[in-house]
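Heads up, the thing below is written out as structure tokens.
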Amino acid sequence: MNVRLIARYRGRVQGVGFRATVLFHASGLDIHGFVRNQPDGSVLVDADGPKSQLKELIRRIESRPAGSIDDCEVTWVDSLQRNRGFSIG
């Protein structure tokens, strides 16, 4: 069963390759969605997939981040059933 992850990363996460790093970590996982810079300086990860795969994405991002993560707000909601891969938005 798929779920949707909405994660907002705050800190020094823009202009340091953070989105490209998230895209790299997402490759090979069965997830679909995007990573996008936000006007407030945070980075949003919005993805659908098996919860175990989404948790693995979070683990990968936080174990070897580009930049410096000060805070991450994670929300789990119903899946949008996306199936177009993962991209930088």
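In this text, residue positions in the sequence shown follow full-length UniProt numbering: the first is 1, and each later residue adds one.
Beta carbons: idealized from backbone N, C-alpha and C, even for Gly.
Annotation: the continuous beta strand (DSSP E) that includes Ser87 extends over Phe86 to Ile88.
For the 9 Å CB-CB criterion, Arg12 and Asp70 form a contact. Looking at the DSSP output, Ser68 sits in a beta bridge with Arg12. Judged by DSSP in its simplified three-state form, Arg4 adopts strand. In the DSSP secondary-structure assignment, Asn83 is not bridged to any residue.
Apart from the 5 residues on each side of it in sequence, Asp78 sits with its Cβ closer than 8 Å to the Cβ of Val3 and Arg4 in its chain, given in chain order.
Close CB contacts of Trp76 within its chain, under the 6 Å cut and outside five residues either way in sequence, are with Val3 (chain order).
By the C-beta density criterion, Val74 is exposed, having fewer than 16 other C-beta atoms within 10 angstroms.
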